[in-house]
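Below: one structure, written as structure tokens.
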Amino acid sequence: MTTSSRIALVTGGGRGLGRVMALALLQAGHDVIVASTDVDALAETLAAAAAMPGRAKAIAVDLAVAGEAERLADEALATFGRIDILLNNAGISVSAVSTDHLVNPYRFWRSDRAVIERFFAINAVAPMVLATRLAPAMIERGWGRIVANTTSLDTMLRFSLYGGSKAALEAETAVMANDLAGTGVTSNVLVPGGGTGTRMTDKSGIPREQLFPDTIMAAPAVFLASDASNDFSGRRILANRWKPGLPEREAAELASDPIAWTGYGSLGVQPAMARK
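Read in order, the letters of the sequence shown correspond to residues 26 to 301 in the numbering used here.
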């Protein structure tokens, strides 16, 4: 892998998949800012990062609160002077409103405005705000990465609140890829590809041995942060399909599909086309 040392912002970096990806980037020599609502979890991540090549800093933030995503972007920029990689990983799952949803499905009509707005604020609005604040400088430098952890497509269709908010993030990440074409900045989705052992799934009562290990996110995250992923954009990588023994670019191609349902009968007939 040929790459330079970059500076990354990883939201939800205090634990789980975010911590795995943050530590992988630090081990690869990148500097990383981890953000989370949990101050103790951030301290644990920094402790784990202490012996790694990259520098790690932490910012406590609640992305459900209006204005906090903007503050996070500004503080992150002030920390190391720039952000090259935005990894939108922070999220809230259906376990936040129902711990038994696997046996007692959480139906959409059980929600109210407050809970709907909280899910979309964390899972969709905050990532979009961070991208709008950080992308212009990436474009100016001619290099940057925007990566979103959304969810599996079937999960989007099964779970209210979580599914809709993650689908919104997936679609906007695809729009970003289209808008960023030719700028040197890429936009991709990276998901585990199925149930993964984290604090979120622990709340559902599923034994971790029945799930994918959270470490599957490390290698594709490092690839997306590298020069090997130049021009790799508009894709969704399923980490469970990543083959470690392959060259990174080949592994990425085999483990990925078109982002946000593009290529799956998604093209509608535009009015101008219909009139011809």
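Note that CB positions come from ideal geometry on N, CA and C, so glycine has one too.
Treat the numbers as computed from the prediction; the structure is a model and nothing was measured.
Classification of residue i by the beta-carbon crowding that lies within 10 angstroms, buried from 16 upward
i: Arg300; result: Because the pLDDT at Arg300 is just 44, under 50, the model does not fix this residue reliably, and the point stays unresolved.
i: Thr211; result: buried
i: Thr15; result: Outside the shown range of the chain (26 to 301) lies residue 15, about which nothing can therefore be said.
i: Leu50; result: buried
i: Trp134; result: exposed
i: Ala285; result: buried
i: Leu182; result: exposed
i: Ser258; result: buried
Among the options, the one whose alpha carbon lies nearest that of residue i
i: Ala101; options: Leu112, Ile84, Ala91, Gly92; result: Ile84
i: Thr208; options: Gly167, Thr70, Ala277; result: Gly167
i: Gly54; options: Ala76, Ile262, Phe144; result: Ala76
i: Asn265; options: Asp125, Leu194, Ala173, Ala277; result: Ala277
i: Val172; options: Arg274, Ala72, Arg143, Leu155; result: Leu155
i: Gly106; options: Met46, Met163, Trp267, Ser251; result: Met163
i: Leu205; options: Leu271, Ala151, Asp256, Val150; result: Asp256
i: Ile108; options: Ala115, Ser30, Ser136; result: Ser30
i: Arg96; options: Arg158, Ala66, Ile110; result: Arg158
i: Pro283; options: Arg132, Thr240, Arg260, Glu273; result: Arg260
Contact check, residue i vs residue j, beta carbons under 8 Å
i: Asn213; j: Asn113; result: no
i: Leu186; j: Val119; result: yes
i: Leu263; j: Gly218; result: yes
i: Leu88; j: Ala139; result: no
i: Thr62; j: Val86; result: yes
i: Ala73; j: Leu48; result: yes
i: Ala196; j: Met46; result: no
i: Gly220; j: Leu194; result: no
Going residue by residue through the region 90-117, where are the continuous beta strand (DSSP E) segments of at least 3 residues, counting only ones entirely within it? 110-113
Enumerate, from N- to C-terminal direction, the unbroken beta strand (DSSP E) stretches of 3 or more residues contained entirely within the region 138-199. 169-173
I'd like the ranges of any beta strand (DSSP E) spanning at least 3 consecutive residues and lying wholly in the region 41-71. 56-61
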